[in-house]
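J.: In case it helps, our numbering puts the sequence shown at residues 2 to 296. Quick reminder that beta carbons are idealized off the backbone N, C-alpha and C, glycines included.
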Amino acid sequence: MFESQQIPDGSSTALPRVLHTPRSRALLSESWAQADEAKRRERAGDDLQLPYEAYAAGEPCRACGRALLGEPALGTDEEGLALIDADNAQFRAEHAACSMGVWRLENNRVEHCHLCCPFPPLSPAQRDELRQLLYPPSLHIDRSATWRVELTCQHVETLAAHSPRYVEPTVQCTECAVIRGVVKAVRIDDQAKDGDDGRDIESLQPGYQRLTDEQWSWIKHIVHTEEGPRRGRPRTDIRTIVDAALFKTRTGITWREVPAEFGSWQTALRRHRQLVASSQWDEITRTLAKRDLPR
């Protein structure tokens with residue numbers, strides 16, 4: 002998959018050295034993306050989470066087969082309600098070992114296990130509301146550019162409504178019907194600069210202005226840092242973590258594609274999840290939005 006050459010050390014057992022060419026980087030991104038897609042498809046067959054369309058159509062819980070929307074066909078009179086309550090009691094007894102309790106939807110008497118049964122999916126309106134909370138106007142992603150990209154399979158795709166400075170490292174090729182790496186990308190919209198030559202995917206990282214000292218002073222009190230000495234590898238500076246998360250949010254890239262200047266992407270992802278779980282990230286974005294964070 003990689004282009005390589007021998008290290009000129011005079012030894013016949015020299016190890017090959019990878020040439021970091023646009024094509025080799027595109028092939029590496031392609032292999033990662035195809036592996037992730039294969040895992041996603043493998044998990045999809047065992048996915049117990051209902052799509053919203055199936056849930057709205059009245060499909061029962063995939064884990065236990067019990068109703069989610071509407072009451073079961075046992076009637077709503079006293080006898081029918083008694084049968085539902087008895088069924089719930091039997092269900093709780095069968096799931097006593099789960100030790101997580103049960104839940105049920107509003108206006109529905111049928112119970113489900115907290116451990117075994119996934120919650121119903123979000124509606125489109127709920128997803129839009131959540132998207133507005135996660136991506137406030139101050140962190141708006143510019144999607145005004147159109148790109149022509151050359152893929153590892155030598156096919157060419159046109160990508161509309163994309164970032165003016167960034168192209169995803171992989172694209173679904175319409176002719177091959179598989180994910181391919183992007184070797185070269187050229188802007189072709191009206192705002193493209195004259196004489197704009199094709200650029201490989203590494204040079205398409207968007208420019209991001211790190212938080213200034215003034216901006217950091219607005220939010221540094223929100224995050225709690227450990228005090229005193231700590232054994233093991235030093236922790237990544239929390240300011241760098243916040244910058245990495247803001248960079249990812251603004252550009253729409255995946256965590257794996259966060260530039261190395263922000264440190265380990267795995268560390269940034271883990272620390273960001275901690276900030277989200279503690280509601281600190283929500284407070285950070287609100288504070289920056291109120292202070293009119295430059296776009």
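What separation, rounded to the nearest whole angstrom, lies between the Cα atoms of residue 183 and residue 214?
T.: If I take the Cα positions, the gap works out to 37 Å.
J.: Should the segment 125 to 139 be regarded as contacting the segment 163 to 171, the criterion being three or more beta carbon pairs within less than 8 Å?
T.: Contact fails: fewer than three Cβ-Cβ distances are below 8 Å.
J.: I need the straight-line Cα distance from residue 223 to residue 251, nearest angstrom please.
T.: Straight-line Cα distance between these residues: approximately 21 Å.
J.: For residue 175, which of 155, 105 and 217 has the nearest alpha-carbon?
T.: The candidate whose alpha carbon is nearest that of residue 175 is 155.
J.: In whole angstroms, what is the alpha-carbon distance linking residue 206 and residue 166?
T.: Only weak support exists for where residue 206 lies, its pLDDT of 47 falling under 50; the value from the coordinates is given anyway. So the two alpha carbons sit approximately 7 Å from each other.
J.: What is the C-beta distance between residue 268 and residue 288, in whole angstroms, given that I count them as a contact (C-beta under 8 Å)?
T.: With 8 Å as the limit, residue 268 and residue 288 do not qualify as a contact, their Cβ atoms being about 23 Å apart.
J.: In this structure, does DSSP put residue 291 in helix, strand or coil?
T.: Here residue 291 sits in helix by DSSP.
J.: From what residue to what residue does the beta strand (DSSP E) around residue 173 run?
T.: That run of the beta strand (DSSP E) goes 171 to 173.
J.: Between which two residues does the alpha helix (DSSP H) harbouring residue 252 extend?
T.: Element bounds for residue 252: 239 to 252.
J.: Where does the unbroken alpha helix (DSSP H) through residue 189 begin, and where does it stop?
T.: Where residue 189 is concerned, there is no enclosing alpha helix (DSSP H), given that its DSSP letter is neither H nor E.
J.: Using a 10 Å radius around the Cβ and a threshold of 16 neighbouring Cβ atoms, would you call residue 257 buried or exposed?
T.: Exposed, by the Cβ-count rule.
J.: Helix, strand or coil: how does DSSP classify residue 132 here?
T.: Three-state DSSP puts residue 132 in a helix.
J.: I'd like to check one pair, residue 27 with residue 180: are the Cβ atoms closer than 8 Å?
T.: Not a contact, by the Cβ cut-off of 8 Å.
J.: In whole angstroms, what is the alpha-carbon distance linking residue 101 and residue 63?
T.: Their Cα atoms are separated by approximately 18 Å.
J.: Would you list, in sequence order, the uninterrupted alpha helix (DSSP H) runs of no fewer than 4 residues that lie entirely inside the segment 36 to 62?
T.: Segments of the alpha helix (DSSP H) lying fully in the segment 36 to 62: 53 to 57.
J.: Please state the DSSP three-state secondary structure of residue 153.
T.: DSSP places residue 153 in coil when its eight states are reduced to three.
J.: For the candidate residues 85, 128 and 125, whose alpha-carbon lies nearest to that of residue 112?
T.: The shortest Cα separation from residue 112 among 85, 128 and 125 belongs to 85.
J.: Please report the distance separating the alpha-carbon of residue 65 from that of residue 116.
T.: The straight-line gap from Cα to Cα measures roughly 11 Å.
J.: Just the C-alpha distance for residue 221 and residue 210, rounded to the nearest angstrom, thanks.
T.: The alpha-carbon atoms of residue 221 and residue 210 are separated by roughly 17 Å.
J.: What are the residues that DSSP puts in a beta bridge with residue 158?
T.: Answer is 150, bridged to residue 158.
J.: Out of curiosity, what's the CA-to-CA distance linking residue 282 and residue 83?
T.: Their backbone Cα atoms lie some 46 Å apart in a straight line.
J.: Can you tell me where the alpha helix (DSSP H) holding residue 80 begins and where it ends?
T.: Looking at the DSSP string, the run of the alpha helix (DSSP H) that includes residue 80 is 79 to 95.
J.: Ignore the nearest five residues each way along the sequence and tell me which others in residue 29's own chain have a CB closer than 6 Å to its CB.
T.: If we look at residue 29 and ignore the five residues flanking it on each side, it has no Cβ neighbours.
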